[in-house]
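Residue numbers (this note's numbering): 1400 to 1560.
Cβ atoms here follow ideal geometry from the backbone N, Cα and C, with glycine treated the same way.
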Amino acid sequence: DMNGPLEVKGERWLKFFDGKAIGPVNKNFKYNRDDEALAICLKFNPDYWENEYQNVYLNGGCYFRPNLAKDANKNIKPIAFYSSNFNNQLKDNLIIQCENELAIIECKVGNGHCLLSGVHFEFDPTPNLNLTKDVHDCLTETFKEHGYLLIKSLLTKVFNF
């Protein structure tokens, strides 16, 4: 949120990813609130998930922009991209321009691997949240169909569980 009220910038100790995390993707994000959260569509790399498109929970979020000036991209594998199937969220000015940007990535770090996500693919839409009916219904349907399978698939393929 450069120059905005949620701005966070600077060096990080862990440095799993050589690049920038840009956001919030959800323009209406506010900490400790979920009434402005969205269901957003991602396009998945078929090496990681069998369904080409999947709706996931977005509250804040970011997209990843690798540092192109270095040879760092060899350590980054794309898992999912923000899709053009935004259900009018871009038109309605709810999200920043992020079509085809990286939403979930795998990074090689030393001898290990790291999974970084700008969205909540692990989200279970419990009735305790204050989501709009449309968002709740979309996420509930998606999670019933694929929820734990998506989590298991990503963890298995990144960490060899």
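Can you tell me where the beta strand (DSSP E) with residue i in it begins and where it stops?
i, result
"Asp1516", "Residue identity check: residue 1516 is Ser in the sequence provided, not Asp. Its beta strand (DSSP E) spans residues 1511–1516."
"Cys1506", "1501–1508"
"Pro1445", "That residue, Pro1445, is in no beta strand (DSSP E); it is neither H nor E in DSSP."
"Leu1457", "1452–1457"
Among the options, which has the Cα closest to the Cα of residue i?
i, options, result
"Leu1501", "Ser1483, His1512, Val1508", "Ser1483"
"Phe1443", "Asn1559, Phe1558, Phe1520", "Phe1520"
"Glu1498", "Phe1463, Asp1523, Phe1522, Lys1476", "Phe1463"
"Gly1403", "Gly1422, Asp1417, Gly1409", "Gly1422"
"Glu1540", "Phe1416, Arg1411, Glu1435, Val1455", "Val1455"
Secondary structure at residue i, three-state DSSP: helix, strand or coil?
i, result
"Gly1422", "coil"
"Leu1405", "coil"
Have a look at the DSSP bridge pairing and note the partners of residue i.
i, result
"Lys1543", "Answer by DSSP bridge pairing: none, since Lys1543 is not bridged."
"Phe1480", "Lys1442, Leu1501"
"Asn1466", "DSSP lists no partner for Asn1466."
"Ile1494", "Asn1425"
Touch test, the region 1533–1543 against the region 1512–1519, Cβ-Cβ under 8 Å, three pairs minimum: no
Three-pair Cβ contact test at 8 Å for the region 1420–1435 versus the region 1443–1452: no
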